[in-house]
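Under my numbering, the first residue of the sequence shown is numbered 157, with each subsequent residue one higher.
In this text, a Cβ means the ideal position worked out from N, Cα and C, and glycines have one as well.
Report on one structure; see the data block that follows.
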Amino acid sequence: MAAGPLNSASVHGRGVQARDLGIAARDAITLLVGGCYPEGVCFTSGATEANNIVLGPIHCDEETTLLVSSVEHASVLRPAEQARRRGCDVRILPVDGNGLVDPDAVRVEAGTARERLVVSIQWANSETGIVQALAEIAREVRLARETFFHSDAVQALGRVPVNLTAVDVDAISVTAHKMHGPQGIGALIMRDRDEKVPPPLMFGGDHQAGLRPGTEPVQLAAGFGSAASERAGRLDIHASRLLFLRNLFESAVKEMMPDTEINGSGVARVPNTSNIRFRGVDGGALVAQLDDAGIRCSQGSACSSGRPQPSHVLLAMGLPDRHANESVRFSFSIMNTEEEALRAAEVVATTAKSMQGRMSW
157 MAAGPLNSAS
167 VHGRGVQARD
177 LGIAARDAIT
187 LLVGGCYPEG
197 VCFTSGATEA
207 NNIVLGPIHC
217 DEETTLLVSS
227 VEHASVLRPA
237 EQARRRGCDV
247 RILPVDGNGL
257 VDPDAVRVEA
267 GTARERLVVS
277 IQWANSETGI
287 VQALAEIARE
297 VRLARETFFH
307 SDAVQALGRV
317 PVNLTAVDVD
327 AISVTAHKMH
337 GPQGIGALIM
347 RDRDEKVPPP
357 LMFGGDHQAG
367 LRPGTEPVQL
377 AAGFGSAASE
387 RAGRLDIHAS
397 RLLFLRNLFE
407 SAVKEMMPDT
417 EINGSGVARV
427 PNTSNIRFRG
437 VDGGALVAQL
447 DDAGIRCSQG
457 SACSSGRPQP
467 SHVLLAMGLP
477 DRHANESVRF
487 SFSIMNTEEE
497 ALRAAEVVAT
507 TAKSMQGRMS
517 W
């Protein structure tokens, strides 16, 4: 790729080069999501921006009912809070003990919606990896009424099949870095370009059909396309590898600490994510200890003061505060090895055992 800036809106040769890069990237991403029209790929700075386009002030107004699940990412829940302040009828859908939304409950809520209905339910959860029964949910919603159905598919893309032909959603939000593409680029992918396309958040030039004005980041888009192309050709291989590593890790931890619990283990999960409850262990302190040992993991969210809070996802699943605070999330990459998974399990279990019984609540 030639050095220097590239603007796909320019008519000169480098503008044509930029457009060609964008077209190739869109084609690769389209292939990964099982088919949509390439122009339906609207590049953004990440999935947070894509989610905010869907849940923006023009699309979700006083005439709209917005349905979101209680386990969504903050980039869905916080825009939903803003929509409620604007007069939008926002309804938070509960989940069961397995973290799943009830498709029948969604249909019932859809049946009493206002003039416009927008539904946003994640494909897979970022903390537990739990995969929603999205095809069934979408089918039930469509039986109730016309809707704009969106899914945050960040955690699913490149790990499990995300097929816009098989699952009746109108749009998904995705990001490149979850499958080893560049940081700083995501996309809102629309299955069809019709009257359902949400209005833009910003206004300017006619880039990307006016939905997201501004010069396209073609170098980042090319990296996104390259990652999508690699993942599309090896999705089954990568998923199997991730599942093997995660199961190896979980089994080893359970063998050394039989009283641990895998949150969400009873339902389908993306293969890279493990959320483990360590009885009698302060999860936040465990995260810090493991960081010192070279193992990067996480626990819930943080409030504005920076002090750790129980995971809203685990609380929504019915876990008491104490159990949520005892839980830690781990994730694996295709670049991890079997030896690393086993070594991590040993360090995690040894560290957690040494901390049992020290919780202050």
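With 16 other CB atoms within 10 Å as the buried threshold, where does residue i fall?
{"i": "Met491", "result": "exposed"}
{"i": "Ala458", "result": "Because Ala458 sits at a pLDDT of 45, beneath the cut-off of 50, its placement in the model cannot be relied upon, and the following sentence gives the value as read from the coordinates. When all chains shown are included, Ala458 counts as exposed."}
{"i": "Ser489", "result": "exposed"}
{"i": "Leu299", "result": "exposed"}
{"i": "Thr429", "result": "buried"}
{"i": "Glu494", "result": "exposed"}
{"i": "Gly420", "result": "buried"}
{"i": "Pro250", "result": "exposed"}
{"i": "Ser276", "result": "buried"}
{"i": "Gly513", "result": "exposed"}
{"i": "Ala309", "result": "buried"}
{"i": "Ala165", "result": "Residue placement at Ala165 is flagged as unreliable, the pLDDT there being 49, under the threshold of 50; the coordinate-derived value follows with that caveat. Exposed."}
{"i": "Pro259", "result": "buried"}
{"i": "Ser225", "result": "buried"}
Could you tell me which residues DSSP pairs with residue i in its beta bridges?
{"i": "Asn431", "result": "Arg485"}
{"i": "Val197", "result": "Ile345"}
{"i": "Ala280", "result": "Val287"}
{"i": "Ala327", "result": "His306, Met346"}
{"i": "Asp245", "result": "Thr221"}
{"i": "Val275", "result": "Leu223, Phe305"}
{"i": "Val251", "result": "Val257"}
{"i": "Glu417", "result": "Arg433"}
{"i": "Arg425", "result": "Ile286"}
With distances taken from CA atoms, which of the options is nearest residue i?
{"i": "Leu367", "options": "Val325, Cys198, Thr186", "result": "Cys198"}
{"i": "Ala501", "options": "Gly440, Met412, Asp477", "result": "Met412"}
{"i": "Ala174", "options": "Phe405, Ala441, Gln375, Ile451", "result": "Gln375"}
{"i": "Ser382", "options": "Pro338, Ile345, Met346", "result": "Pro338"}
{"i": "Asn403", "options": "Gln445, Phe434, Phe486, Thr321", "result": "Phe486"}
{"i": "Asp252", "options": "Gly474, Ala497, Ala505, Met511", "result": "Gly474"}
{"i": "Glu218", "options": "Arg270, Leu233, Arg435", "result": "Arg270"}
{"i": "Ala505", "options": "Cys192, Arg397, Gly436", "result": "Gly436"}
{"i": "Ile286", "options": "Gly190, Leu256, Leu211", "result": "Leu256"}
{"i": "Ser467", "options": "Gln445, Ala343, Arg499, Thr284", "result": "Thr284"}
{"i": "Gly191", "options": "Cys244, Ala230, Arg433, Ile328", "result": "Ile328"}
{"i": "Cys216", "options": "Arg272, Ile248, Val325", "result": "Arg272"}
{"i": "Asp415", "options": "Asn254, Leu401, Ile432, Val423", "result": "Ile432"}
{"i": "Leu401", "options": "Gly422, Val426, Ala377", "result": "Val426"}
{"i": "Arg442", "options": "Ala377, Val297, Ser231, Met511", "result": "The question names Arg, but residue 442 in the sequence shown is Leu. Here the closest residue by C-alpha is Met511."}
{"i": "Ala377", "options": "Gly340, Ala289, Pro354, Asp326", "result": "Gly340"}
Quick one: is the Cβ of residue i within less than 7 Å of any heavy atom of the ligand NAP?
{"i": "Phe199", "result": "Questions concerning the ligand NAP fall outside what the structure shown contains, since it holds no ligand whatsoever."}
Would you kindly work out how many angstroms separate the C-alpha atoms of residue i and residue j, rounded to a whole number?
{"i": "Gly379", "j": "Arg182", "result": "11 Å"}
{"i": "Met346", "j": "Ile185", "result": "12 Å"}
{"i": "Ala508", "j": "Ser483", "result": "11 Å"}
{"i": "Ala240", "j": "Ala408", "result": "The sequence given here places Arg at residue 240; Ala does not occur at that position. Roughly 45 Å between the two C-alpha positions."}
{"i": "Ala395", "j": "Arg315", "result": "6 Å"}
{"i": "Val227", "j": "Arg242", "result": "22 Å"}
{"i": "Val274", "j": "Ala449", "result": "45 Å"}
{"i": "Gln278", "j": "Ala261", "result": "16 Å"}
{"i": "Gly440", "j": "Ala280", "result": "24 Å"}
{"i": "His333", "j": "Gly202", "result": "9 Å"}
{"i": "Phe305", "j": "Ala384", "result": "23 Å"}
{"i": "Ala322", "j": "Arg295", "result": "11 Å"}
{"i": "Ile209", "j": "Ala266", "result": "21 Å"}
{"i": "Ala236", "j": "Ile214", "result": "13 Å"}
{"i": "Gly342", "j": "Glu195", "result": "15 Å"}
{"i": "Ser282", "j": "Ser454", "result": "11 Å"}
Does DSSP put residue i in a helix, in a strand, or in coil?
{"i": "Gln375", "result": "helix"}
{"i": "His229", "result": "coil"}
{"i": "Ile451", "result": "coil"}
{"i": "Val316", "result": "strand"}
{"i": "Arg368", "result": "coil"}
{"i": "Val189", "result": "coil"}
{"i": "Ala332", "result": "coil"}
{"i": "Asp438", "result": "coil"}
{"i": "Met511", "result": "helix"}
{"i": "Ala322", "result": "coil"}
{"i": "Thr506", "result": "helix"}
{"i": "His479", "result": "helix"}
{"i": "Pro354", "result": "coil"}
{"i": "Gln445", "result": "helix"}
{"i": "Thr493", "result": "coil"}
{"i": "Gln238", "result": "helix"}
{"i": "Thr204", "result": "helix"}
{"i": "Gly394", "result": "Here the sequence assigns His to residue 394, which means Gly is not the residue at that position. The answer is helix: DSSP assigns His394 an H, G or I state."}
{"i": "Ile214", "result": "coil"}
{"i": "Met412", "result": "helix"}
{"i": "Arg270", "result": "coil"}
{"i": "Gly178", "result": "helix"}
{"i": "Leu337", "result": "Contrary to the premise, residue 337 reads as Gly rather than Leu in this sequence. Here Gly337 sits in coil by DSSP."}
{"i": "Gly474", "result": "coil"}
For chain C, find out if any of its Cβ atoms is closer than 8 Å to the Cβ of residue i; answer yes or no.
{"i": "Asp348", "result": "Among the protein chains of the structure shown there is no chain C, as only one such chain exists."}
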